[in-house]
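Trainee: Residue numbers (my numbering): 5 to 260. Just so you know, even glycine gets a beta-carbon here, dropped at the ideal spot from N, CA and C. Owing to the predicted nature of the structure, the values given are computational and were not obtained by experimental measurement.
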């Protein structure tokens, strides 16, 4: 269910879109020493917690946090450009790995790839996500149409992928877990209540469990349930964004 590739290309993206695999991995997308160095630079100035998941740290704002509230949506768009610049500044003098991936997606997909546009405005991309030691990132799925239910743009997706570049990893734990059993959006909302996710134990053994190394890149089906196991001693830092697929003839889009 995991496909290891040397680089992103049209073939592997189609396999993910067609649900032939759950995930694609590029081992050593960044040299490990460089990944750790960039990760330390990103973490140095500090980070905040998610509005709706305070146990998880982040730099930048995820659209998911707006929860369809007009003031938070406006705040998201107002900060989008400055948050993209902030990541570049923290990575300097090295290139932002997210910028590199944006170019690679555009180059590898025949119809190209570009920043997602929602409500006539460009979205943010490049969330830095921090999971502190001992914290379980609860099982959840990510579906754009749930975050923007009034948008045809969001509902038009045929598939949605999560993209993660791993920079810092704990000494133990921090594994990505995935389940291929489908849970409807309504059933998931019923199970999670007021939380952003559910206890992974409720889903039984995962279909896929992989512990990435610093510098690895993983792209996976975000509509499947997924979680992260608790880490030991050190924080787990990844740069994250989503990719939207609307068929082979349409451009890919990306956002956070």
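If we ignore side chains and look at the alpha-carbon of each, how far apart do residue 240 and residue 170 end up?
Mentor: If I take the Cα positions, the gap works out to 8 Å.
Trainee: If you follow the beta strand (DSSP E) that residue 231 is part of, which residue opens it and which one closes it?
Mentor: It spans 229 to 232 - the beta strand (DSSP E) in which residue 231 sits, taken as one unbroken run.
Trainee: Would you kindly check if the distance between the Cβ of residue 228 and the Cβ of residue 190 is under 7 Å?
Mentor: No, these two residues do not count as a Cβ contact at 7 Å.
Trainee: Which residues share a DSSP beta bridge with residue 249?
Mentor: The partner list for residue 249 (beta bridge, DSSP) reads 163.
Trainee: Judging by CA-CA distance, which residue of 146, 98, 251 and 237 is the nearest neighbour of residue 245?
Mentor: When only C-alpha atoms are compared, the closest one is 146.
Trainee: Let me check one thing: in DSSP terms, what residues is residue 145 bridge-paired to?
Mentor: Answer is none; residue 145 lacks a bridge partner.
Trainee: Do residue 204 and residue 115 come within 7 Å of each other at the CB atom, strictly closer than that value?
Mentor: The answer is no: Cβ separation not under 7 Å.
Trainee: Our contact map puts residue 7 next to residue 16 with C-beta atoms below 8 Å; I'd like the distance itself, whole angstroms only.
Mentor: Correct: roughly 6 Å between the Cβ atoms.
Trainee: Is there contact between the region 52 to 62 and the region 130 to 137, where contact requires at least three CB pairs shorter than 8 Å?
Mentor: Yes, they touch.
Trainee: Would you mind reading off the limits of the alpha helix (DSSP H) that contains residue 198?
Mentor: Here residue 198 belongs to no alpha helix (DSSP H), and DSSP marks it neither H nor E.
Trainee: Report the option in 111, 257, 176 and 123 whose CA atom is closest to the CA atom of residue 138.
Mentor: Checked all of 111, 257, 176 and 123; the closest Cα to residue 138 is 176.
Trainee: Straight-line CA distance for residue 94 to residue 243?
Mentor: C-alpha separation (whole angstroms): 12 Å.
Trainee: Count the other CB atoms within 10 Å of the CB of residue 167; is the residue buried (16 or more) or exposed (fewer)?
Mentor: It counts as buried.
Trainee: Mind the definition here: the region 69 to 84 touches the region 195 to 214 only if three or more C-beta pairs lie below 8 Å; say whether that holds.
Mentor: Contact between the region 69 to 84 and the region 195 to 214 is absent, because fewer than three Cβ pairs lie under 8 Å.
Trainee: Is the region 27 to 47 close to the region 213 to 227, with three or more CB pairs under 8 Å?
Mentor: With a cut-off of 8 Å, the region 213 to 227 and the region 27 to 47 count as touching, because enough Cβ pairs lie within range.
Trainee: Smallest Cα separation from residue 87: which of 123, 196, 150 and 46?
Mentor: Selected option, being the one with the closest Cα: 46.
Trainee: Within the region 74 to 119, note down every full alpha helix (DSSP H) run reaching 4 residues or more, in order along the chain.
Mentor: Qualifying alpha helix (DSSP H) stretches, in chain order: 74 to 95 and 101 to 112.
Trainee: Is the distance from the Cβ of residue 43 to the Cβ of residue 164 below 7 Å?
Mentor: Not in contact: residue 43 and residue 164 (Cβ atoms no closer than 7 Å).
Trainee: Residue 27 by DSSP, collapsed to three states: which one?
Mentor: Note: residue 27 maps to strand in three-state DSSP.
Trainee: Can you tell me the Cβ-Cβ gap for residue 109 and residue 258, rounded? I've got them flagged as a contact below 8 Å.
Mentor: Residue 109 to residue 258, Cβ: 7 Å. Contact.
Trainee: Would you mind working out which of 196, 141, 40 and 10 sits nearest residue 29, comparing C-alpha positions?
Mentor: Among 196, 141, 40 and 10, the Cα nearest to that of residue 29 belongs to 10.
Trainee: Enumerate in chain order the residues of its own chain whose CB-to-CB distance from residue 161 is below 8 Å, with the five nearest sequence positions on each side excluded.
Mentor: For residue 161, where only same-chain residues beyond five positions count, the Cβ hits under 8 Å are 148, 149, 248, 249 and 250.
Trainee: In the DSSP assignment, find the unbroken beta strand (DSSP E) run with residue 257 in it and report its ends.
Mentor: Segment 256 to 259, the beta strand (DSSP E) holding residue 257.
Trainee: Do you know offhand how far residue 48's Cα is from residue 172's?
Mentor: Residue 48 and residue 172: Cα-Cα distance of roughly 13 Å.
Trainee: From what residue to what residue does the beta strand (DSSP E) around residue 213 run?
Mentor: Unbroken beta strand (DSSP E) run through residue 213: 212 to 214.
Trainee: Pick helix, strand or coil for residue 170, following the three-state DSSP scheme.
Mentor: Strand at residue 170.
Trainee: Measure the beta-carbon distance from residue 128 to residue 80 and round it to whole angstroms, keeping in mind my assumption that it falls under 8 Å.
Mentor: Yes, they are in contact, since the Cβ atoms of residue 128 and residue 80 sit about 7 Å apart, within 8 Å.
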